[in-house]
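Report on the following structure.
In this note's numbering, the protein residues as written are -11 to 616.
What follows is the structure, given as structure tokens:
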């Protein structure tokens, strides 16, 4: 039919995993269970891989892609994964010998429409008294720097026009420098509409001079590049309303190394407050802040395929201590040799903000007081802190192989015994910090999963392993976990094919709340939980997703430029703006970019156990591989 391509075989029985609360409600009208289509309908970009399974054994599954009912002897038999590239209504039927048939299962797949300006009547540096109508698809925002007289919002005229010429007024909202126009009723995302802004310069109560005006479609407020680097394994941090971030080079493109890397302090409009030149060193961690006004981050010398003739470079990773006010470097010290710099852990700070930690060579712990002026190590650990560690609210530390260390002297309190499981990375605490979540591997199989550990004694509360791979398309956990106020854990996976990744929500009682198989592309970054309950996470394919925490449905998607989002997790300010970086595009010679995305919330969810990467600026969250 020209709509699908048959790919590698992936015929699965009912997936193994946590119990599904809806399993008991699947009533059948025949003895043959209806087929299950995975995913059960979705919007997609470029293509989407679809599989069909059935709980009844030894059935034959047939299907159609044109919305017609499948017919035995006429419709195509399902044997392999179906890759869909266009709008399709897929119908599937299962039957046994003797033509005992199931009910028909149906799923619709639709390519995502682009949210783009189709007719622009705006000059982003000209006051808007000459603005014309704007034709666009998707939401619209007009933004500028400064405050406004919110009583003037009633004087702004906003009219939407649908494709049939019908018009309706819209609502106007003001959030942190952004005027957001929302059609009422909300039109379909692929419907073009007109925005009319009338006499806006008079009604806002601000002088025209000194204002920076702009326009954006969708949720994207603004983007920023600086130097030739990007954001591959260097998450964003926010403190005091300012954005702290450093640039790096994506490991996928070692022949495109930049010599102009920076660690920066930016305001919310992406104006540079200060930047610290790193030259050929790259930032490989998020920033951490102590109680005395200092920022800490880790840099690494880039890996040169062939060193420039006649030049030598210092090897290894360094921790930098920076004055947050003016960006002056107080000290930097090497903590890892280049050979052992594959796994880099962001610095962590004790609950009182007076002690700073990171790991060094051989998994030893490096410790500094916030008043340390030289960078001399004040403690040498015992090898338990090689890849990740967490700090709880009491100041106790948890090492990467499953150990707990007392805050006062770092003596070992316990070490976990979880049998065949091996802890890969420590990722998050429960809201009351009585439980710790980590990603694990099973030593005797290729299975991976997560484990929940009781923090009082190190015993296992539960674990979940993904089913062993049967298709050659292996599943991994590379993203950190987010935990809401009820203890529900949210995380995404990646797959070798970058087509079978799943985003999960697992309740605190270890039942499956939901899973989203419609996004499909790989997840590397830690989700963010907003105070509206929505989950915000980026996926490969240049997509930033807002997910309904109750149902798992995608509420909206914002496209990002300058490459994918990988390990550079985002952070959110008190206005609900999320700042996140993309890694750049080696093929197109594009540097990475920082993006500001407006959400519908006003900050992180109150009481959440782990609402973002590292839980907050003082802890550690998941480490990541900076060399694949």
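All C-beta atoms, glycine included, are put in the ideal place defined by N, C-alpha and C.
The beta-carbon separation of residue 305 and residue 355, rounded to 16 Å, does not stay under the 8 Å limit for a contact.
The C-alpha of residue 376 is placed about 14 Å away from the C-alpha of residue 410. CA-to-CA, the gap between residue 486 and residue 33 works out to about 13 Å. Here the alpha carbons of residue 502 and residue 379 stand approximately 30 Å from one another. Taking the Cα of residue 384 as reference, the smallest distance to any Cα among 444, 461, 84 and 52 is reached at 444. If you keep only unbroken beta strand (DSSP E) runs of at least 3 residues inside the region 65 to 95, you get 70 to 72 and 76 to 84. Relative to residue 215, the option among 228, 252 and 226 whose CA is nearest is 252. In this structure, the alpha-carbon of residue 568 lies about 47 Å from that of residue 63. Taking 4 residues as the shortest admissible run, the region 420 to 446 contains no complete alpha helix (DSSP H) segment at all. Inclusion of residue 461 and residue 483 in the CB contact set at 8 Å is warranted, their separation being smaller than that value.
Rounded to whole angstroms, the gap between the alpha carbons of residue 90 and residue 592 is 46 Å. At least 8 Å separates the beta-carbon of residue 471 from that of residue 527.
In this chain, the beta strand (DSSP E) harbouring residue 535 covers 531 to 535. In this structure, the CA atom of residue 226 is about 43 Å from the CA atom of residue 70.
Residue pairing by DSSP places residue 311 opposite 282 in a beta bridge. Straight-line measurement puts the Cα of residue 382 at about 20 Å from the Cα of residue 389. The three-state secondary structure of residue 518, taken from DSSP, is strand. The beta carbons of residue 224 and residue 274 sit closer together than 8 Å.
For residue 88, same chain residues with a beta-carbon under 6 Å away, outside a window of 5 residues either side, are 20 in chain order. Apart from sequence neighbours up to five positions away, the residues of its chain that approach residue 544 with a beta-carbon distance below 6 Å are 534, ordered along the chain. Excluding the 5 residues flanking it on each side, residue 521 has same chain C-beta neighbours closer than 6 Å at 537, in chain order. With a contact defined as Cβ atoms closer than 8 Å, residue 469 and residue 512 miss out at about 13 Å. When secondary structure is reduced to three states using DSSP, residue 351 falls in the helix class. 8 Å or more divides the Cβ of residue 55 from the Cβ of residue 75. Listed in chain order, the non-local C-beta contacts of residue 22 below 6 Å within the same chain comprise 90, 91 and 93, local neighbours out to five positions each way being set aside.
Residue 470 has 478 as its beta-bridge partners, per DSSP. When DSSP states are grouped into helix, strand and coil, residue 358 belongs to the coil group. For residue 540, the closest of 479, 61 and 405 by C-alpha to C-alpha distance is 479. For residue 54, the three-state secondary structure derived from DSSP is strand. Under DSSP, residue 600 forms no beta bridge with any residue. Around the CB of residue 499, fewer than 16 other CB atoms lie within 10 Å, so the residue is classed as exposed.
Nearest to residue 50 by alpha-carbon distance, out of 72, 81 and 73, is 81. The three-state secondary structure of residue 496, taken from DSSP, is coil.
Taking the Cβ atoms as the reference, residue 516 lies roughly 6 Å from residue 566, within the contact range of under 8 Å. A distance below 8 Å between beta-carbons, with the five flanking residues on each side excluded, links residue 447 to the following residues of its chain, in chain order: 404 and 441. Residue 474 and residue 85 have their C-alpha atoms some 48 Å from each other.
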